[in-house]
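Protein chains in written order, with the working numbering: chain A, 156 to 548; chain B, 156 to 548.
Don't be surprised by glycine CBs; every beta carbon is placed ideally from N, CA and C.
None of the values given here were measured: they were computed from a predicted structure.
Number of protein chains: 2
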Amino acid sequence: MREHIFSGWRESSRAFGFSQYDGPPLEPLELYKKKSGDEIIGQLYNFTDKGGREVALRPELTPTFARLAGARHRDYKKPLKWFAIPQLFRYERAQRGRLREHFQWNGDIVGEPSLSAEAEILAMIDHALRGLGLTREDYVIRVSDRQFWLDFLAKHNVTDSGKIYDFLQVLDKIERTPEEVSREKLGSLSAEVFALLNGGADSRRLDTLLAACASLGLSDAVQVDLRIVRGLAYYTGVVFEVHDRGGKFRAIAGGGRYDNLLQLIADIDLPAVGFGMGDVVIGEILKDKNLAPKTADGDSYYLVIADETLRPRALALASALRDGGYRVDYPLSAAKVGRQFQAAEERGHRYALFIGQEYADSGVCGLKTLATREQVNVKPLIVGGKVTALADG
Amino acid sequence: MREHIFSGWRESSRAFGFSQYDGPPLEPLELYKKKSGDEIIGQLYNFTDKGGREVALRPELTPTFARLAGARHRDYKKPLKWFAIPQLFRYERAQRGRLREHFQWNGDIVGEPSLSAEAEILAMIDHALRGLGLTREDYVIRVSDRQFWLDFLAKHNVTDSGKIYDFLQVLDKIERTPEEVSREKLGSLSAEVFALLNGGADSRRLDTLLAACASLGLSDAVQVDLRIVRGLAYYTGVVFEVHDRGGKFRAIAGGGRYDNLLQLIADIDLPAVGFGMGDVVIGEILKDKNLAPKTADGDSYYLVIADETLRPRALALASALRDGGYRVDYPLSAAKVGRQFQAAEERGHRYALFIGQEYADSGVCGLKTLATREQVNVKPLIVGGKVTALADG
């Protein structure tokens, strides 16, 4: 399942012209403190290594990405479009400090100030989800504008960073909080905030984004929802989350614009937009929708060897099939024919290819589609050592 | 490059009916001590974690594999054919205790006592190397029989495990050691050992393996070389290494049969054969042979947008192309046409697709092959929102 998801992610990344990069799983603890402050340490799997260095297994790739982009951005034309599928780590307090790990698809565009970058990222996420078999009736991309709220607060003379943070936290939790509790916390701003949430905001950024999304054919996938603010402090503009429409699962993906982070981490002034999609939630949803891949093997063939004198012929055919791009397995030791057909099914192969005396005599073998029990005779055409087709036999 | 290599490894694994698995990058230190003894610790990136546990970043996947196979083997039909592409870690003493990391392709067959398993593994390695563009003139698979030497020593009443280890070490280093030094170390056995190395050994195992390799079309890839013993102590039968024929690089891959390790680690009595191929040496060889992929993108398209009024049309086309399986990039903000063609080349795209007024009027755009400057008119055929072909325009 994991490889199935990775494969979809990679394919969409390539379809959108993103290049793959990778970074070290272990980083100096300082890198995460610099981005997120000391309070992050409780969630990190950090330790002192043999050389006395304070290090942590990466909980996210963004700081690594920012450092790499800062170090190498002069070697590439902007905008950079980079993706990665890193393994990420958290300290699991509940399970007595165990390591919790998962994989995440990360995509980032660096050096593009316009909302075309956000639209491109959203289109890629949508492409990947559809590629994995979901439809837009299954998920929705909720877009919001964090800067809209910062402007709103500034207009109301809320400039204290602690108060701004508290306000964003109330919005972040508003969906799961009784309205009266949120209203109380919002105080004098509550009437206006609820009016904006219900009536929609006047955000030129969101208007521009929605227009680009419409051109990209995303209109029925994207929806404005100003409650989305994203927990982390570094976003500076549009933020978004992808959710299942049924609301059964946690967020499928999330991200946004972070125009200041590269300055903070790598001392370069470049705007950036990025997202992360974990393998866990999407895996749960695919299972729930019965979209998990049935077998790991797809269209694959199991050679049934009628008797051991035919094994050399069968092995040669296996090689020629594999060199021709076929996926092939066969019994490694002698087994009764019935057992071999059974093995073919148990291992999830689509076809059994029966190698009997007729194959030795005239190159014809029996091809059985295991699901339907349908059987036909085929003749493998071998050109330059490779099977180029299984012709009618 | 790394992804290019991984992709080749995955494709060969699937062609041979191997299923992918994964394990945790962090394991209890005990697991490695159990397999390799206390002396392994100097090479490990180990530490005490927040919960007070002694752990290590995995230096190899085999102990993890053995544990997983032991825990889950009842859920699968034997033989198991499993592969993984783990990231592995070593403690780098030379660089003041830094972490050294690389990736490795691991493939193992569990539950097959016959030499068919070894042959299958060798055929898969050969398939992958050819898939990456190498030929059998570039590499050779050297096979040996560790058990042959153990039997040889037993016949000469060498049964002390320290002496056996020393003997295998002499063989392991014999290629890089002056003959007189090796002869002295081998003492009374030296004449016979050198005769065997030069004259070939009488090993039924190797004869059977070579016959299976011949059926699989591997004869010109495989060569018996009794000097191969593999350093690690757990191999019990056939061992092998893959080398570049020029001898310029370290071993490309290595492995062998380890029929006792699952007993030791997981307390199950199942025979096994496995190998590992790192990403570093093969990467060096592909670069050396100029077989590195030219661009990460392959056949990809860069849309050149003649003026900004056409951007919505261009974005819609980008979506339809991507949904049709094309790899597509385009300028995220307004740029002069000349700059856009330049960007298409700089980013390594194969084609530029010019979207001008003619596309708006009649659906025709210019397709330029960047390497040859050849230009033709094409008309994207859009069916169900997807481009199914670029027809002559």
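Per DSSP, the bridge partner or partners of residue i
i	result
S174(B)	W237(B)
K523(A)	A507(A), Q530(A)
Q302(A)	In the DSSP output, where bridge partners are listed per residue, Q302(A) has none listed.
M156(B)	Beta-bridge pairing links M156(B) to no other residue.
L181(A)	L212(A)
R116(A)	Any answer about residue 116(A) is impossible in this case: the structure gives chain A only from 156 up to 548.
V348(B)	DSSP output for V348(B) lists no bridge partner at all.
L536(B)	A544(B)
Start and end residues, beta strand (DSSP E) containing residue i
i	result
D399(B)	393-399
T203(B)	200-203
R482(B)	482-484
L150(B)	With chain B running from 156 to 548 in the structure shown, residue 150(B) is simply not present.
Y457(B)	455-460
V384(B)	That residue, V384(B), is in no beta strand (DSSP E); it is neither H nor E in DSSP.
Reference residue i, options the options, closest by Cα
i	options	result
A376(B)	I264(B), G493(B), D177(B), T290(B)	T290(B)
N261(A)	L472(A), P214(A), K403(A)	P214(A)
V210(A)	E185(A), K232(A), A226(A)	E185(A)
P268(B)	S191(B), K340(B), D414(B)	D414(B)
R385(B)	E396(B), Q378(B), V379(B)	E396(B)
D434(A)	A421(A), Q378(A), Q242(A)	Q242(A)
V295(A)	V379(A), E275(A), E247(A)	V379(A)
L305(B)	I195(B), I329(B), F349(B), V393(B)	V393(B)
E275(B)	I420(B), S167(B), D443(B)	S167(B)
A226(A)	G511(A), D422(A), A507(A)	D422(A)
G207(B)	A170(A), L254(A), F244(A)	L254(A)
L199(B)	D462(B), Y246(B), G511(B)	Y246(B)
R505(B)	K188(B), S517(B), L525(B)	L525(B)
L287(B)	Y320(B), I437(B), N312(B), I319(B)	I437(B)
E439(A)	K403(A), L508(A), D462(A), I460(A)	K403(A)
R157(B)	E273(A), Y176(A), D357(A)	Y176(A)
F430(B)	A367(B), I240(B), T464(B)	I240(B)
R229(A)	C368(A), V265(A), L216(A)	V265(A)
E273(B)	L235(B), A367(B), K340(B), A346(B)	A367(B)
D484(A)	A447(A), R400(A), A498(A), G401(A)	A498(A)
R412(A)	V492(A), K541(A), Y389(A)	Y389(A)
P218(A)	Y320(A), G178(A), E339(A), E500(A)	G178(A)
G372(A)	R338(A), I280(A), R400(A), K318(A)	I280(A)
For residue i, the first and last residue of its enclosing alpha helix (DSSP H)
i	result
Q497(A)	492-501
R227(A)	217-227
R331(B)	R331(B) -> no alpha helix (DSSP H), and no H or E assigned at all.
P115(A)	As displayed, chain A neither begins before 156 nor continues past 548, which places residue 115(A) out of reach and without an answer.
K442(B)	434-443
D516(B)	512-517
Any non-hydrogen atom of the ligand FMN closer than 7 Å to residue i Cβ
i	result
D399(A)	No copy of the ligand FMN occurs in the structure displayed, which carries no ligand at all.
Residue-chain proximity (residue i, chain D), Cβ-Cβ < 8 Å
i	result
F171(A)	The structure shown contains no chain D; its protein chains are A and B.
Beta carbons nearer than 9 Å to chain A: which residues of the stretch 473-485 of chain B have them? A473, S474, A475, L476, R477, D478, G480, Y481, R482, V483, D484, Y485
Where are the alpha helix (DSSP H) runs, 4 residues long or more, that stay fully inside the stretch 241-318 of chain A, in chain order? 271-286, 301-310
Using a Cβ-Cβ cut-off of less than 9 Å, list which residues of the stretch 203-214 of chain B approach chain A; keep chain order. T203, D204, K205, G206, G207, R208, V210, L212
Tell me the start and end of each unbroken beta strand (DSSP E) in the stretch 354-383 of chain A that is at least 3 residues and wholly inside, in chain order. 377-379
Contact set between the stretch 345-367 of chain A and chain B, restricted to residues whose Cβ is under 9 Å from the partner: A366, A367
Using a Cβ-Cβ cut-off of less than 7 Å, list which residues of the stretch 222-234 of chain A approach chain B; keep chain order. K232, P234
Members of the stretch 428-450 of chain B that neighbour chain A once the beta carbon cut-off is set at 8 Å: none
Chain B contacts from the stretch 279-291 of chain A (Cβ-Cβ distance under 7 Å): H282
Residues within the stretch 172-187 of chain B neighbouring chain A, beta-carbon criterion of under 8 Å: G172, S174, Q175, D177, P179, P180, L181
Of all the residues that make up the stretch 519-530 of chain A, which are near chain B by a beta-carbon distance shorter than 8 Å? none
So if I threshold CB-CB distances at 7 Å, which residues from the stretch 483-507 of chain B count as touching chain A? V483, D484, L487, S488, A498, E501, R502
Which residues, taken in chain order from the stretch 309-337 of chain A, show a beta carbon closer than 7 Å to some beta carbon of chain B? none
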